[in-house]
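Below: the structure, in structure tokens.
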Amino acid sequence: MADNIARVLSDAIATDPTRPLLTWYDDATGERTELSGATLANWVAKTANLLVDELSLGPGATATVLLPPHWQTAAVLLGCWSAGLTVVDRPGGVDVLFATADRAAEADAWSAVDRYALALHPFALPLREAPAGFADYVTEVRAHGDHFGAYPPGGPDHVTLRERATARAAELGISPSERVLIDVDALPDPVDWLLAPLTARASTVLCAHPDHARLPARATTEKATRTLP
Numbered sequence: 001m002a003d004n005i006a007r008v009l010s011d012a013i014a015t016d017p018t019r020p021l022l023t024w025y026d027d028a029t030g031e032r033t034e035l036s037g038a039t040l041a042n043w044v045a046k047t048a049n050l051l052v053d054e055l056s057l058g059p060g061a062t063a064t065v066l067l068p069p070h071w072q073t074a075a076v077l078l079g080c081w082s083a084g085l086t087v088v089d090r091p092g093g094v095d096v097l098f099a100t101a102d103r104a105a106e107a108d109a110w111s112a113v114d115r116y117a118l119a120l121h122p123f124a125l126p127l128r129e130a131p132a133g134f135a136d137y138v139t140e141v142r143a144h145g146d147h148f149g150a151y152p153p154g155g156p157d158h159v160t161l162r163e164r165a166t167a168r169a170a171e172l173g174i175s176p177s178e179r180v181l182i183d184v185d186a187l188p189d190p191v192d193w194l195l196a197p198l199t200a201r202a203s204t205v206l207c208a209h210p211d212h213a214r215l216p217a218r219a220t221t222e223k224a225t226r227t228l229p
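In terms of the numbering used here, the sequence shown has 206 at position 206, counting the first letter as 1, and numbering is strictly consecutive.
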């Protein structure tokens, strides 16, 4: 359905699922992770299947994502949207919550039925020990299938998100097939670092805690055609 915001991913990778779609850098840790469209789609599908098959969630259900910009955050958000969920950020009752371990206490503001913690490890390793009341996302999600094709209707919030992403891509000057380097510390909204580029069918080089002196050389190495902000 056109009103499922996660359709932007399938549209973005339709021409060539093997090309690098999302490259992640964290200059605080030295991490670099590169995902093709197909690899990101597999993580998204596993997340959606976890939500649908294990938790029996779908349209009308809600999720909260207490995660910073990260490639795993992209998988979680797109997985939630694929399953038709609405992602909310106001404290209250939700069906499922995702958080980093260091934000577990903050999650008490939400009365979530199911909770998953993420280590955001460079090699997608699980947590050594999940916080009390949380399951480990990486451990749980790996058991689920690599394909998800249902794409149930996402509702008005998905339509609004797609409209925002399309408008934001135009505002940021992102063109189709571009490779865009993004400082996610400056643009932490997933509409900016995730959905706007996907809507424009661009690939991204996402940089957390960037060493700004290194960004011009990185843009050259990664063949980025635009740097934001």
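Glycine included, every Cβ here is placed at the ideal spot set by N, Cα and C. Note that the coordinates shown come from a computational prediction; the quantities given were computed from them, not determined experimentally.
For residue i, which of helix, strand or coil comes out of DSSP?
i       : result
Ile-13  : helix
Arg-7   : helix
Tyr-116 : strand
Glu-222 : coil
Asp-136 : strand
Glu-129 : coil
Val-88  : coil
Asp-211 : coil
Asp-146 : coil
Asp-26  : strand
Gly-79  : helix
His-158 : helix
Determine which residues share a DSSP beta bridge with residue i and list them.
i       : result
Ser-111 : Gly-93
Ile-182 : Leu-206 and Leu-228
Ser-36  : Pro-20
Phe-98  : Val-65 and Tyr-116
Glu-171 : Glu-171 pairs with nothing; no bridge assigned.
Glu-31  : Asp-26
Please report how far the alpha carbon of residue i lies from the alpha carbon of residue j, in whole angstroms.
i       : j       : result
Leu-51  : Thr-62  : 11 Å
Val-8   : Arg-115 : 26 Å
Leu-198 : Ala-104 : 30 Å
Ala-101 : Ser-111 : 17 Å
Tyr-137 : Val-184 : 23 Å
Leu-118 : Pro-126 : 7 Å
Leu-161 : Val-87  : 11 Å
Thr-64  : Val-76  : 10 Å
Val-96  : Leu-228 : 32 Å
Asn-4   : Gly-173 : 24 Å
Arg-164 : Pro-156 : 12 Å
Ile-13  : Val-205 : 16 Å
Glu-207 : Leu-67  : A quick correction: the sequence has Cys, not Glu, at residue 207. Straight-line Cα distance between these residues: approximately 15 Å.
Ala-27  : Asp-11  : In the sequence on display, residue 27 carries Asp and not Ala. About 30 Å.
Pro-216 : Gln-72  : 25 Å
Leu-195 : Thr-166 : 8 Å
Thr-220 : Ala-170 : 23 Å
Ser-203 : Ser-177 : 7 Å
Phe-98  : Glu-54  : 15 Å
Looking at C-alpha atoms only, which residue of the options is the closest neighbour of residue i?
i       : options                              : result
Asn-49  : Ala-117, Val-88, Ala-200 and His-147 : His-147
Leu-181 : Asn-42, Thr-23, Ala-75 and Gly-30    : Thr-23
Arg-168 : Trp-193, Ala-186 and Ala-224         : Trp-193
Glu-222 : Asp-11, Asp-16, Pro-20 and Ser-10    : Pro-20
Val-94  : Glu-140, Trp-43 and Gly-58           : Gly-58
Ala-6   : Pro-190, Asp-211 and Ala-124         : Pro-190
Leu-120 : Tyr-25, Pro-210, Glu-106 and Gly-145 : Tyr-25
Pro-122 : Pro-17, Arg-214 and His-70           : His-70
Closer than 8 Å is the cut-off here; do at least three beta carbon pairs connect the stretch 31–40 with the stretch 127–144? no
Touching or not, the stretch 81–93 and the stretch 150–159, by the rule of three or more beta carbon pairs under 8 Å? yes
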